[in-house]
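Mapping to my numbering: the sequence shown position 8 is 70, numbers consecutive. Note that CB positions come from ideal geometry on N, CA and C, so glycine has one too. Please read the structure below before turning to the comments.
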Amino acid sequence: MSNIDKSALREIAVAAVGAHERLSVMPPDEIFDISLAEGTQLDADITALNALNSAANPTTVLALLDE
Numbered sequence: 063m064s065n066i067d068k069s070a071l072r073e074i075a076v077a078a079v080g081a082h083e084r085l086s087v088m089p090p091d092e093i094f095d096i097s098l099a100e101g102t103q104l105d106a107d108i109t110a111l112n113a114l115n116s117a118a119n120p121t122t123v124l125a126l127l128d129e
């Protein structure tokens, strides 16, 4: 049995949904200086996706699939 805080994982994932939708429409070849986006929605989106990537790592996903 794994010791995964599913409530926390859900909260992080919910926070990342909008961020993923907004960032997925950005041109993939567009280069931008993230320091210019500090304190903006883009900054918040990247922070939300980084939190999701940290929480929903391969080990966590595999443990959830094994349950």
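Under a 10 Å Cβ-count criterion, Asp-107 is classified as buried, with 16 or more other Cβ atoms of the shown protein chains found around its own Cβ. Counted as a single uninterrupted DSSP element, the alpha helix (DSSP H) harbouring Glu-83 occupies residues 68-86.
Cβ neighbours of Leu-127 within its own chain (closer than 6 Å, five residues either side excluded): none.
When secondary structure is reduced to three states using DSSP, Asn-65 falls in the coil class, being assigned neither helix nor strand. DSSP, read as helix, strand or coil, puts Asp-91 in coil. About 4 Å separates the Cβ atoms of Ala-81 and Ala-110, confirming a contact at the 8 Å cut-off.
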